[in-house]
Amino acid sequence: MTNKEIISRLYPVIKPYRGKLVLAVIGMIIVAGLQAAQAWIVKYVVDDIFVNKDETLLKLLPIALIVLFSVKGIFYFIYSYALEGVGQSVIRDLRDRIYVHIHSLSLNFFHKNSTGSLTSRIINDVALLQGAVSNALIRILKDAVSVVGLLVVVFYMDWRLATLSIVFLPLAFTPIVYFGRRFRKIGTDYQETLGETSGILHETIAGARIVKAFCMEHYERIRFGKKIDTIYDILMKDNWYRSVSHPLMEVIGGLAMALIIWFGGYQVLKGNSTPGSFMAFLTALIMLYEPIKGVSKINSTIQTGMAAANRIFTLLDIRSDIIEKEGADELPPFKDTIEFKDIDFFYNDEEPVLHNINLQVKKGEVLAVVGPSGSGKTTLSNLIPRFYDVHHGELLIDGKDTMDVTLKSLRKQIAIVTQQTILFNDTVYNNIAYGREGCSREEVEEAARVAYAIDFIQELPQGFDTIIGESGARLSGGERQRLSIARALLKDTPILVLDEATSSLDTESERQVQRALENLMQHRTTIVIAHRLSTIKNADRIIVLKDGKIVEEGTHDELLAQHGEYELLHKMQYID
Ligand SMILES: Nc1ncnc2c1ncn2[C@@H]1O[C@H](COP(=O)(O)OP(=O)(O)O)[C@@H](O)[C@H]1O
Ligand SMILES: [Mg+2]
Numbered sequence: 058m059t060n061k062e063i064i065s066r067l068y069p070v071i072k073p074y075r076g077k078l079v080l081a082v083i084g085m086i087i088v089a090g091l092q093a094a095q096a097w098i099v100k101y102v103v104d105d106i107f108v109n110k111d112e113t114l115l116k117l118l119p120i121a122l123i124v125l126f127s128v129k130g131i132f133y134f135i136y137s138y139a140l141e142g143v144g145q146s147v148i149r150d151l152r153d154r155i156y157v158h159i160h161s162l163s164l165n166f167f168h169k170n171s172t173g174s175l176t177s178r179i180i181n182d183v184a185l186l187q188g189a190v191s192n193a194l195i196r197i198l199k200d201a202v203s204v205v206g207l208l209v210v211v212f213y214m215d216w217r218l219a220t221l222s223i224v225f226l227p228l229a230f231t232p233i234v235y236f237g238r239r240f241r242k243i244g245t246d247y248q249e250t251l252g253e254t255s256g257i258l259h260e261t262i263a264g265a266r267i268v269k270a271f272c273m274e275h276y277e278r279i280r281f282g283k284k285i286d287t288i289y290d291i292l293m294k295d296n297w298y299r300s301v302s303h304p305l306m307e308v309i310g311g312l313a314m315a316l317i318i319w320f321g322g323y324q325v326l327k328g329n330s331t332p333g334s335f336m337a338f339l340t341a342l343i344m345l346y347e348p349i350k351g352v353s354k355i356n357s358t359i360q361t362g363m364a365a366a367n368r369i370f371t372l373l374d375i376r377s378d379i380i381e382k383e384g385a386d387e388l389p390p391f392k393d394t395i396e397f398k399d400i401d402f403f404y405n406d407e408e409p410v411l412h413n414i415n416l417q418v419k420k421g422e423v424l425a426v427v428g429p430s431g432s433g434k435t436t437l438s439n440l441i442p443r444f445y446d447v448h449h450g451e452l453l454i455d456g457k458d459t460m461d462v463t464l465k466s467l468r469k470q471i472a473i474v475t476q477q478t479i480l481f482n483d484t485v486y487n488n489i490a491y492g493r494e495g496c497s498r499e500e501v502e503e504a505a506r507v508a509y510a511i512d513f514i515q516e517l518p519q520g521f522d523t524i525i526g527e528s529g530a531r532l533s534g535g536e537r538q539r540l541s542i543a544r545a546l547l548k549d550t551p552i553l554v555l556d557e558a559t560s561s562l563d564t565e566s567e568r569q570v571q572r573a574l575e576n577l578m579q580h581r582t583t584i585v586i587a588h589r590l591s592t593i594k595n596a597d598r599i600i601v602l603k604d605g606k607i608v609e610e611g612t613h614d615e616l617l618a619q620h621g622e623y624e625l626l627h628k629m630q631y632i633d
């Protein structure tokens, strides 16, 4: 995206707040103008009050000053408050928009983009963009107006001295730019290293168990040590530049001051200028320092902002690869068959992951899917809620192509329980009621009871109101799984997918989860991916997947009698 394109796309983002923005700009121009006036007044203070001893002016000037500062104060408030208001509104709008957009994208997108980078888009990039808009674009205007205003004062008061100063200005300007650049580079390096360091901290503290188990304390210490050494080096460099830049700037400032006093003083003594003009000149010159420093920073702020805007708009341009048809119908409640018809599917345009799948699941049936790891079992189950679209063939529910119905009406009918439980850092109650707003307390408790979760929930310090920690960290694997089951029970969908729901559990918790699952499966159509015999044996039908193809189909006994893949899996204790 070119800068021009980015700006043209920024405009609609800011447009709703253009009234406030205009207000801010007007306020800002007045503030900058009054700032110049402040310097101007110094001339009258010195010449008329101190030199000419004008008593009327002595009474008037303080009043004028009070008025000046009050007016400036009011306009500063208007400018600052309105500008920041626009900035915060833009931040809020963009964050909301990106968040909604991200959640409209398909799972495929989430596999390709890390959580960290997406979080950074919403949190950091949006702030950087806002910084560029309000700090850079608006403040540059303010600084520019201030510089012009003050320069007018400077030249009006003493054009000879002004010309002389302008000639020497680059001398003062160069170090400002030079150090500014250094500090920015250091800032970026620091942020990056700090990010990496907190990454290491997060991993090793959260994974302290693994670090201990593998005796990697020393290794991790070295890894962490390298990072903090880098941080030390960066900060010492920063320290050096800071310690050098301050006295250097002071010396340059002193030099400039000496020159100006010598030349300006000479002009006053010769009668070419008045003490007031000289003091006003000096005031304006000192006041010029801040806006000039601001202007020198602008380029990099704008550049970072533009880069952030580019990332944001690129993200917003990504279209979901799961698209709902225009005017798609609602899928009526499931009542008969789920049918896979000649389905081919691949993730990348290479080998198909699923090939020529033909399969029918009748209402009320329990279909078990077995097969070696990587054979495509999870992929198969992900096609039903349309997490991915098939590349060939059709997936029909009661004869209706899932491509033709709304995603919501489709997904509302399917509950999925996977090996990895997804729980939120919220109360037990809210985790179970997730997706079922407005259900009653009784319903939630009933779901927990049927999922054999009620006992452990009641033993938690605050029962249903206990916050379970990030990803349910305070619960055991089996407890987490039973919460997921309670959630699925409450969702009460006709179709159920169990993807190795018990495989990461020990025997004892597996038994409890298994009982909970049996309750969950009642009166539902279930596709169960499992490698435990207990689950599979009772299935109405079993299919064996191998390299993305259905190679065998039948009941447990039928398949064993075939002496084929199933028996092999069974013997290898893949199915135990
Ligand atoms: N998001 C993905 N992107 C690319 N390839 C994938 C993705 N998910 C799974 N695969 C690949 O597809 C194949 C089938 O995976 P999967 O359905 O998870 O197998 P199973 O559940 O039977 O172990 C594997 O080769 C796997 O590497
Ligand atoms: Mg799997």
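Each residue of the sequence shown is one higher than the one before, starting from 58 at the first, in the working numbering. We put the CB at the ideal spot given by N, CA and C, even for glycine. Bear in mind that the values here come from a model prediction, so they are computed numbers and not experimental data.
Label residue i either buried or exposed according to how many other C-beta atoms from any shown protein chain fall within 10 Å of its C-beta, with 16 as the threshold for buried.
{"i": "residue 297", "result": "exposed"}
{"i": "residue 575", "result": "exposed"}
{"i": "residue 34", "result": "As displayed, the chain neither begins before 58 nor continues past 633, which places residue 34 out of reach and without an answer."}
{"i": "residue 515", "result": "exposed"}
{"i": "residue 326", "result": "exposed"}
{"i": "residue 443", "result": "buried"}
{"i": "residue 97", "result": "buried"}
{"i": "residue 629", "result": "exposed"}
{"i": "residue 107", "result": "exposed"}
{"i": "residue 215", "result": "buried"}
{"i": "residue 76", "result": "exposed"}
Could you tell me whether the Cβ atoms of residue i and residue j are closer together than 8 angstroms?
{"i": "residue 478", "j": "residue 431", "result": "no"}
{"i": "residue 545", "j": "residue 472", "result": "yes"}
{"i": "residue 186", "j": "residue 369", "result": "yes"}
{"i": "residue 140", "j": "residue 64", "result": "no"}
{"i": "residue 605", "j": "residue 474", "result": "no"}
{"i": "residue 547", "j": "residue 510", "result": "no"}
{"i": "residue 291", "j": "residue 235", "result": "no"}
{"i": "residue 524", "j": "residue 372", "result": "no"}
{"i": "residue 418", "j": "residue 584", "result": "yes"}
{"i": "residue 394", "j": "residue 420", "result": "yes"}
{"i": "residue 163", "j": "residue 377", "result": "yes"}
{"i": "residue 6", "j": "residue 401", "result": "Absent from the structure is residue 6, since the part of the chain shown begins at 58 and ends at 633."}
{"i": "residue 375", "j": "residue 167", "result": "no"}
{"i": "residue 415", "j": "residue 398", "result": "yes"}
{"i": "residue 486", "j": "residue 512", "result": "no"}
{"i": "residue 317", "j": "residue 218", "result": "yes"}
List the endpoints of the continuous beta strand (DSSP E) containing residue i.
{"i": "residue 274", "result": "Careful: residue 274 lies outside any beta strand (DSSP E), inside the alpha helix (DSSP H) at 274 to 327."}
{"i": "residue 94", "result": "From DSSP, residue 94 is part of no beta strand (DSSP E) but of the alpha helix (DSSP H) over 75 to 101."}
{"i": "residue 413", "result": "411 to 419"}
{"i": "residue 465", "result": "Here residue 465 belongs to no beta strand (DSSP E); instead the alpha helix (DSSP H) covers 464 to 468."}
{"i": "residue 611", "result": "606 to 611"}
Taking the continuous alpha helix (DSSP H) assigned at residue i, which residues delimit it?
{"i": "residue 535", "result": "534 to 548"}
{"i": "residue 59", "result": "Premise fails: residue 59 is in no alpha helix (DSSP H) and is neither H nor E."}
{"i": "residue 565", "result": "564 to 578"}
{"i": "residue 516", "result": "511 to 516"}
{"i": "residue 243", "result": "216 to 263"}
{"i": "residue 72", "result": "First-last for residue 72: undefined, no H or E at that position."}
Measuring only the C-alpha atoms, how far is residue i from residue j?
{"i": "residue 308", "j": "residue 342", "result": "16 angstroms"}
{"i": "residue 257", "j": "residue 592", "result": "40 angstroms"}
{"i": "residue 293", "j": "residue 238", "result": "16 angstroms"}
{"i": "residue 640", "j": "residue 559", "result": "No statement about residue 640 is possible, as the shown extent of the chain runs from 58 to 633 and does not include it."}
{"i": "residue 526", "j": "residue 266", "result": "18 angstroms"}
{"i": "residue 281", "j": "residue 264", "result": "14 angstroms"}
{"i": "residue 74", "j": "residue 145", "result": "11 angstroms"}
{"i": "residue 287", "j": "residue 274", "result": "20 angstroms"}
{"i": "residue 320", "j": "residue 72", "result": "51 angstroms"}
{"i": "residue 149", "j": "residue 213", "result": "46 angstroms"}
{"i": "residue 380", "j": "residue 460", "result": "8 angstroms"}
{"i": "residue 295", "j": "residue 88", "result": "34 angstroms"}
{"i": "residue 582", "j": "residue 160", "result": "28 angstroms"}
{"i": "residue 131", "j": "residue 385", "result": "56 angstroms"}
{"i": "residue 633", "j": "residue 427", "result": "Bear in mind that the predicted position of residue 633 carries a pLDDT of just 46, short of 50, making it too unreliable to give a figure here."}
{"i": "residue 551", "j": "residue 391", "result": "7 angstroms"}
{"i": "residue 83", "j": "residue 206", "result": "15 angstroms"}
{"i": "residue 170", "j": "residue 484", "result": "29 angstroms"}
{"i": "residue 566", "j": "residue 587", "result": "16 angstroms"}
Below 7 angstroms, is the gap between the Cβ of residue i and the nearest heavy atom of ligand 4?
{"i": "residue 575", "result": "Among the ligands present in this structure, namely ligand 1 and ligand 2, ligand 4 is not found."}
Contact set, ligand 1 heavy atom to C-beta under 5 angstroms: 168, 404, 410, 430, 431, 432, 433, 434, 435, 436
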